[in-house]
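Remarks on the structure that follows.
Here is the structure:
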């Protein structure tokens, strides 16, 4: 008899987005960046493979000192305020382990990133979710939220709406525990909360390299927080969590901000054009600060759109959740991919 | 006021082995393999970087299906019995999360891998350690061990002694929880417990690619266990824990068993020769099944050996722990490195 912990036995587990088999798909379901990473990332990886890959036999820098320094300089913090991670998922996981024990509560907005729930279940922590109001504020957020952590995905996934810094400044003092602003998509937005970490002791900002830096395949994330929080996360993480190639990729990506700006502009331009075209077709498309949009057809029958596109080998994201089933989330690909998608949507009618 | 969990606040955190700055060091302190990984590993990584690194923008296979299949075929299991991981450290961590909650007990041998303790502390689990007898059995192991997990490092770190399959077959039925045989170094040994997983429901075998496959820099490990245990670990792990380059590296390394055998033979031959030479110098060197030896000088003043070698820029591992301070752990490098070390040890006298 295997005696798994009850919370592990009972939980369903997170199901990552569907990846189609075979060729010819236009993949707009995982919010991947349509452009390759900076050429300097590939150069850095190749350079690390010098001498027949001899470096790979040696452990990486357990403290990822170089990339922390680069990120710290970029964001205007001391390196003791920065931690790198194996995707921002690792940070979300370890923040729960740092602050919320079994039976402790964590909170988040529903809908938002669907991984917070499973992460809390793994820990045996309790979950409390909050809805969103029409004007994109958290519904019924208490005067003081007593939970150990509140996760705020900004821009929201999958809606794309952003929470302003003014609003985050309202929330931070109302959180008795920590407020984690999960900025996975924020590089595509006009504003971000990074500077607020100086000001609010309980504020943590997390980022991923998967979207804006086109490095979903390399699993890199980072967080900015007080040194006490970084030190706690450093205790919890596997000491060698980032491999050598991920480390040099992170460093090169952070250093090439020109390339980042160039691809961001392309994606954002395409997003604005595509959103406007969809609106002409009668869709409701609220402004998005991310590399996806949430598109609501006039008849609110989003499944029909999903299935029509699927038949054309265009994959977008449909959520059966009653809160979301009236729209589809469409990642922003290249202009050509979006033109193709638009044509297919027109044909669906 | 930051409200970290008490166990996190109180714990010291794991300190990885010292990595010297500057050039000219002979590094025999981290049990890294002196030989580069298989050339096929480097080829596979380069191939994955095709089209200007365009693949890196896409998520990796969350299920690492290809490498699980290769490992399963290699070890004679169905793929549902295999899980890949970001180093075997991730597996040790997630096994605790699967089976031991706050206040539950886990056990291990002291001395052995010094990371089990911090991993238990992160979880808030209790720790019970057991000594070793002169003939390398666990001292005072109860008729039935009631803890949730028992970790057995075989070969033992840092002593190098192996626990026979016969002994593991004795232990498995005496563990009420699971028995994890941590075979980080087992490729350098004559026997391993992999086949026993078929036989004992509560047995888990973990492996790392850091030592025998020369891939410490790539963070890859695997475990073989019943499908129920693999499924639990699959729920707990970050869904995209392995990046694309680590995945292709794992696949290529597993497929090149000829290269593995060749480097293993070189390391083991060097180990036997070096051990014999040290014995001639009066050291006690027990047989090792790993890529290191534990060498005890006649005067049992191991710190003197460590410091003498350090002065010659040869780095070995000295443990201040009273159980271990009579010896030094020396990783097996190339024949040339070990000849240099031997010469330096002779000079220390």
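Protein chains in written order, with our numbering: chain A, 11 to 359; chain B, 11 to 359.
Each residue gets a CB set at the ideal place from its N, CA and C atoms; glycine is no exception.
Please read these numbers as outputs of a predicted model, since none were measured by experiment.
Rounded Cβ spacing between residue i and residue j (contact assumed at less than 8 Å)
{"i": "residue 109 (chain A)", "j": "residue 158 (chain A)", "result": "5 Å"}
{"i": "residue 324 (chain B)", "j": "residue 354 (chain B)", "result": "6 Å"}
{"i": "residue 251 (chain B)", "j": "residue 41 (chain B)", "result": "About 23 Å; that fails the 8 Å criterion."}
{"i": "residue 191 (chain B)", "j": "residue 215 (chain B)", "result": "5 Å"}
{"i": "residue 205 (chain A)", "j": "residue 172 (chain A)", "result": "Contact flag wrong, Cβ pair sits at about 15 Å."}
{"i": "residue 187 (chain B)", "j": "residue 112 (chain A)", "result": "No, residue 187 (chain B) and residue 112 (chain A) are not in contact; Cβ-Cβ is about 18 Å, not under 8 Å."}
{"i": "residue 351 (chain A)", "j": "residue 36 (chain A)", "result": "7 Å"}
{"i": "residue 296 (chain B)", "j": "residue 170 (chain B)", "result": "7 Å"}
{"i": "residue 232 (chain B)", "j": "residue 259 (chain B)", "result": "The Cβ separation is near 13 Å, so there is no contact."}
{"i": "residue 150 (chain A)", "j": "residue 136 (chain A)", "result": "Between residue 136 (chain A) and residue 150 (chain A) the Cβ distance is about 17 Å, and since that is not below 8 Å, they are no contact."}
{"i": "residue 12 (chain A)", "j": "residue 238 (chain B)", "result": "6 Å"}
Residue-chain proximity (residue i, chain A), Cβ-Cβ < 7 Å
{"i": "residue 343 (chain B)", "result": "no"}
{"i": "residue 74 (chain B)", "result": "no"}
{"i": "residue 318 (chain B)", "result": "no"}
{"i": "residue 263 (chain B)", "result": "no"}
{"i": "residue 52 (chain B)", "result": "yes"}
{"i": "residue 253 (chain B)", "result": "yes"}
{"i": "residue 113 (chain B)", "result": "no"}
{"i": "residue 62 (chain B)", "result": "yes"}
{"i": "residue 67 (chain B)", "result": "yes"}
{"i": "residue 312 (chain B)", "result": "no"}
{"i": "residue 168 (chain B)", "result": "no"}
{"i": "residue 307 (chain B)", "result": "no"}
{"i": "residue 70 (chain B)", "result": "yes"}
{"i": "residue 297 (chain B)", "result": "no"}
{"i": "residue 332 (chain B)", "result": "no"}
Under 7 Å between C-beta atoms of residue i and residue j
{"i": "residue 148 (chain A)", "j": "residue 140 (chain A)", "result": "yes"}
{"i": "residue 299 (chain A)", "j": "residue 165 (chain A)", "result": "yes"}
{"i": "residue 103 (chain B)", "j": "residue 66 (chain B)", "result": "no"}
{"i": "residue 213 (chain B)", "j": "residue 189 (chain B)", "result": "yes"}
{"i": "residue 339 (chain A)", "j": "residue 304 (chain A)", "result": "yes"}
{"i": "residue 51 (chain B)", "j": "residue 194 (chain B)", "result": "no"}
{"i": "residue 222 (chain B)", "j": "residue 167 (chain B)", "result": "no"}
{"i": "residue 254 (chain B)", "j": "residue 58 (chain B)", "result": "yes"}
{"i": "residue 292 (chain B)", "j": "residue 312 (chain B)", "result": "no"}
{"i": "residue 72 (chain A)", "j": "residue 264 (chain A)", "result": "no"}
{"i": "residue 155 (chain B)", "j": "residue 184 (chain B)", "result": "yes"}
{"i": "residue 301 (chain A)", "j": "residue 198 (chain A)", "result": "yes"}
{"i": "residue 161 (chain B)", "j": "residue 118 (chain B)", "result": "yes"}
{"i": "residue 98 (chain B)", "j": "residue 218 (chain B)", "result": "yes"}
{"i": "residue 30 (chain B)", "j": "residue 249 (chain A)", "result": "no"}
{"i": "residue 270 (chain B)", "j": "residue 74 (chain B)", "result": "no"}
{"i": "residue 79 (chain A)", "j": "residue 89 (chain A)", "result": "yes"}
Contact set between residue i and chain E, taken where Cβ atoms lie within less than 8 Å
{"i": "residue 99 (chain A)", "result": "You won't find chain E in this structure, because its protein chains are A and B."}
Where the beta strand (DSSP E) containing residue i begins and where it ends
{"i": "residue 341 (chain B)", "result": "338 to 341"}
{"i": "residue 192 (chain B)", "result": "188 to 192"}
{"i": "residue 305 (chain A)", "result": "302 to 306"}
{"i": "residue 143 (chain B)", "result": "Looking at the DSSP string, residue 143 (chain B) is not in any beta strand (DSSP E), and its letter there is neither H nor E."}
{"i": "residue 94 (chain B)", "result": "92 to 95"}
{"i": "residue 326 (chain A)", "result": "Looking at the DSSP string, residue 326 (chain A) is not in any beta strand (DSSP E), and its letter there is neither H nor E."}
{"i": "residue 118 (chain B)", "result": "115 to 119"}
{"i": "residue 216 (chain A)", "result": "213 to 218"}
{"i": "residue 233 (chain B)", "result": "231 to 234"}
Closer than 7 Å to chain B by CB, residue i
{"i": "residue 59 (chain A)", "result": "yes"}
{"i": "residue 41 (chain A)", "result": "no"}
{"i": "residue 301 (chain A)", "result": "no"}
{"i": "residue 323 (chain A)", "result": "no"}
{"i": "residue 182 (chain A)", "result": "no"}
{"i": "residue 256 (chain A)", "result": "yes"}
{"i": "residue 47 (chain A)", "result": "yes"}
Alpha helix (DSSP H) segment containing residue i, residue limits
{"i": "residue 127 (chain A)", "result": "126 to 133"}
{"i": "residue 67 (chain A)", "result": "Premise fails: residue 67 (chain A) is in no alpha helix (DSSP H) and is neither H nor E."}
{"i": "residue 261 (chain A)", "result": "254 to 265"}
{"i": "residue 160 (chain B)", "result": "Residue 160 (chain B) -> not in any alpha helix (DSSP H); beta strand (DSSP E) instead, spanning 159 to 163."}
{"i": "residue 80 (chain A)", "result": "75 to 85"}
{"i": "residue 52 (chain A)", "result": "49 to 58"}
{"i": "residue 240 (chain B)", "result": "237 to 246"}
Subject >> Selection of the region 13 to 31 of chain A by Cβ proximity to chain B, strictly under 7 Å >> reply: Under the 7 Å Cβ criterion, the region 13 to 31 of chain A contributes 13, 14, 15, 18, 21, 23, 24 and 26.
Original post:
Mind listing which residues of the region 225 to 250 of chain A have their C-beta closer than 9 Å to chain B's C-betas, in chain order?
Top reply: When C-beta distances to chain B are compared with 9 Å, the residues of the region 225 to 250 of chain A below that value are 225, 226, 227, 228, 229, 230, 236, 238, 239, 241, 242, 244, 245, 246, 248, 249 and 250, in chain order.
**OP:** Name, going along the chain, the residues of the region 184 to 216 of chain B whose beta-carbon falls closer than 9 Å to a beta-carbon of chain A.
**Re:** So the list reads 186, 187, 188, 211 and 212, given in the order they occur along the chain.
Subject >> Residues, ordered as in the chain, of the region 126 to 152 of chain A that lie near chain B by beta-carbon distance below 7 Å >> reply: Among the residues of the region 126 to 152 of chain A, those with a Cβ less than 7 Å away from any Cβ of chain B are 132 and 134, in the order of the chain.
Subject >> Chain-ordered residues of the region 83 to 108 of chain A with a beta carbon less than 7 Å from chain B >> reply: The region 83 to 108 of chain A vs chain B, Cβ under 7 Å: 96, 97, 99, 100, 103, 107 and 108.
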